[in-house]
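> Sequential numbering of the sequence shown, starting at 0, is according to numbering that gives the first Met the number 0. Before we start, here is the structure in question, set down as structure tokens.
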Amino acid sequence: MAKIRLIMKSILLTILAVGMTGQNAWSASYDTLPKNVNTVVFKQVMVSKIESEYDAKGQQETLDLKEEFTSSRLEDVSSVIKSYFEQLKAISPEAYSNFSLGEFSADVEANVNAQGFGYGFGVTDRLTVYASVPMYHITTDIKFRQSKESNIAAVQATIRNANPDSAIGKFVKDLTLQLPSTNSELLQSLVVNYYKYKPIGKWEKDALGDAEIGFIYRLTDYSDRGMSISAGAILPTGEADDPDSLQDVSTGDGQYDAFVEAAAGISFFDNTFQFDIKGRYTYQFASEKEVRWIDDVDMPLSSQKQTVNQKLGNKIDTTLTLTYNPTHWMNLNSSLILGQTEATTYANVADPKVRRALEEDTGNESRWARIGIGFSTIEAYKRKQFEMPFDIGVTAQRLLNGKNTASYDRIDLDLKLYF
0 MAKIRLIMKS ILLTILAVGM TGQNAWSASY DTLPKNVNTV VFKQVMVSKI ESEYDAKGQQ
60 ETLDLKEEFT SSRLEDVSSV IKSYFEQLKA ISPEAYSNFS LGEFSADVEA NVNAQGFGYG
120 FGVTDRLTVY ASVPMYHITT DIKFRQSKES NIAAVQATIR NANPDSAIGK FVKDLTLQLP
180 STNSELLQSL VVNYYKYKPI GKWEKDALGD AEIGFIYRLT DYSDRGMSIS AGAILPTGEA
240 DDPDSLQDVS TGDGQYDAFV EAAAGISFFD NTFQFDIKGR YTYQFASEKE VRWIDDVDMP
300 LSSQKQTVNQ KLGNKIDTTL TLTYNPTHWM NLNSSLILGQ TEATTYANVA DPKVRRALEE
360 DTGNESRWAR IGIGFSTIEA YKRKQFEMPF DIGVTAQRLL NGKNTASYDR IDLDLKLYF
């Protein structure tokens, strides 16, 4: 239960990376479109089933959950429950030690697919402007089951003949004797009726992601090497996180971002081999968000909500690419992709426990390997051997390791038409 919210956040951090950028729409990292040339880009992203994640220490673990609700596990949920267990311990240390509502398991699955649509225009031979937006289809499915029965009956038998000295002690005894046996339906009821979350189960969404607009300016005019700079903004067109759902995967982060990017590349042996490097820095502006007011990272459930000033961490992304061009119409490429996002901060949250719980494990790191093949008719079009200029490419990508990020494989299909 407690990990579900963190798991969904880690999936969000990863799937947002499927959005297109202008740089990926044509060959070299520093390339721009010729003057007055248009390009339309379509991207299809297919993601394997998400069944594991890398935690804050970089250790891979399954998304499946298993947790036993013992007295020591439950007493920190709230001050009222803590007082209850203090009184139960005073009545009978044995009853306190043996108290368990049972062990519950949850099988968690998440599936993500996305399409991206983009447009670019060559203002001059050196300056290109572009815009892109992704569309996501996301499903998550959480199945609860009770893997170990509660021992409430044994606890009740232990305290049945006890004689508490205080009125509160007698109340706790009577309350304990009336506790029902627990099951997965009772746990669902607790989530919905006490904490006021939406029911847990199968969840599905089709929604836009955050749109990107920007420009690329080529600094050089060499035939075998080049450099460019880019800048732009990411607009909050996607759906932000829903604080009332434990399994919501948002398709946007709910605020404006600004980015700058630099790219450079060089080719060898008459453009047979090409090496490119690209780096991007993204600044995420603070915004007002409604969040659950939690004070324990191990139990991120709360019935209270507050509007806070949330500053998502800034991001640094780097891509190193080696391309082999055996002909003018085909290329083979491989890339190493590095990403890092700083932790989220909450400037106006005064309570240190709440602030620590909200900010815990919100930064992430990822290291990906990618291989691909591409085909182009541009040279054939210039030679009047083909009627339409376009590029098409397929890449396969795998997460090597990371921190606070979901683990999966993905395949991307890119189609670029020029006119």
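For each residue, glycine too, the CB sits at the ideal point set by N, CA and C.
1) Do you know offhand how far Ala-24's Cα is from Asp-294's?
2) In terms of residues, what are the limits of the alpha helix (DSSP H) holding Ile-151?
3) Considering just the uninterrupted stretch of the alpha helix (DSSP H) at Ala-379, what are its terminal residues?
4) At which residue ranges does the region 279 to 350 contain complete alpha helix (DSSP H) runs of 4 or more residues, listed in the order of the chain?
5) On the premise that Ile-49 lies in contact with Ala-405, defined as a C-beta separation below 8 Å, what is that separation, rounded to the nearest angstrom?
6) Can at least three beta-carbon pairs, one atom from the region 331 to 339 and one from the region 315 to 322, be found at a separation below 8 Å?
7) Of the residues Asp-360, Ala-230 and Lys-288, which one's Cα is nearest the Cα of Asp-252?
8) Keeping to the same chain, check which residues put their C-beta closer than 8 Å to that of Tyr-118; ignore five residues upstream and five downstream.
9) Would you mind reading off the limits of the alpha helix (DSSP H) that contains Leu-87?
10) Tell me the DSSP secondary structure of Leu-409 in three-state form.
11) Taking the C-alpha atoms as reference points, what is the distance between Tyr-407 and Thr-344?
12) What does the alpha-carbon distance come out to for the pair Thr-138 and Ala-166?
13) Whose CA, out of Gly-401, Asp-275 and Phe-98, lies closest to the CA of Leu-176?
14) Let me know if Ile-151 comes out buried or exposed under the rule of 16 or more other beta-carbons within 10 Å of its beta-carbon.
15) If we count the other Cβ atoms within 10 Å of its Cβ and call it buried at 16 or more, is Ser-78 buried or exposed?
16) Could you check what DSSP says for Ala-27 in three-state terms: helix, strand or coil?
17) Kindly indicate if chain C contains any beta-carbon less than 8 Å away from that of Thr-69.
18) Between Val-191 and the rest of its own chain, which residues show a CB-CB distance below 8 Å, the 5 nearest in sequence each way excluded?
19) Taking DSSP's pairing of strands, which residues face Gly-121 in a bridge?
20) Closest to Pro-235 by C-alpha separation, out of Thr-281, Gly-225, Thr-250 and Asn-110, would be which residue?
21) DSSP three-state call for Glu-364: helix, strand or coil?
22) Compute the Euclidean distance between the alpha carbons of Ala-368 and Pro-92, then round it to the nearest angstrom.
23) In chain order, what residues of the same chain lie with their CB nearer than 8 Å to the CB of Met-134, ignoring the 5 residues before and after it?
24) With burial defined as no fewer than 16 other Cβ atoms inside 10 Å of the residue's Cβ, what is the status of Ser-188: buried or exposed?
25) Taking the alpha-carbon positions, what's the Glu-364 to Ser-375 distance?
26) From Gly-200 to Leu-335, what distance separates their C-alpha atoms?
27) Distance, Cα to Cα, Ala-262 vs Glu-358?
28) What does DSSP give as the partner residue(s) for Asn-37 in the beta ladder?
29) Between which two residues does the alpha helix (DSSP H) holding Asp-252 run?
30) Identify, in the order they occur along the chain, each residue of the same chain with its Cβ nearer than 7 Å to the Cβ of Glu-74, setting aside the five sequence neighbours on each side.
Quick answer:
1) With a pLDDT of only 39 at Ala-24, under the threshold of 50, the placement of this residue in the model should not be trusted, and no figure is reported.
2) 151 to 158
3) 377 to 381
4) none
5) 5 Å
6) yes
7) Lys-288
8) Asn-37, Thr-38, Val-39, Val-40, Tyr-129, Ala-130 and Ser-131
9) 78 to 90
10) It is Arg, not Leu, that sits at residue 409 in the sequence shown. Residue state, collapsed to three classes: strand.
11) 27 Å
12) 50 Å
13) Phe-98
14) buried
15) exposed
16) coil
17) Included in the structure is just one protein chain, with no chain C present.
18) Lys-197 and Pro-198
19) Thr-127
20) Thr-250
21) strand
22) 55 Å
23) Ala-113, Gln-114, Gly-115, Phe-116, Asp-205, Ala-206, Leu-207 and Gly-208
24) exposed
25) 34 Å
26) 37 Å
27) 33 Å
28) Phe-120
29) From DSSP, Asp-252 is part of no alpha helix (DSSP H); its letter is neither H nor E.
30) Ile-80, Lys-81 and Phe-84
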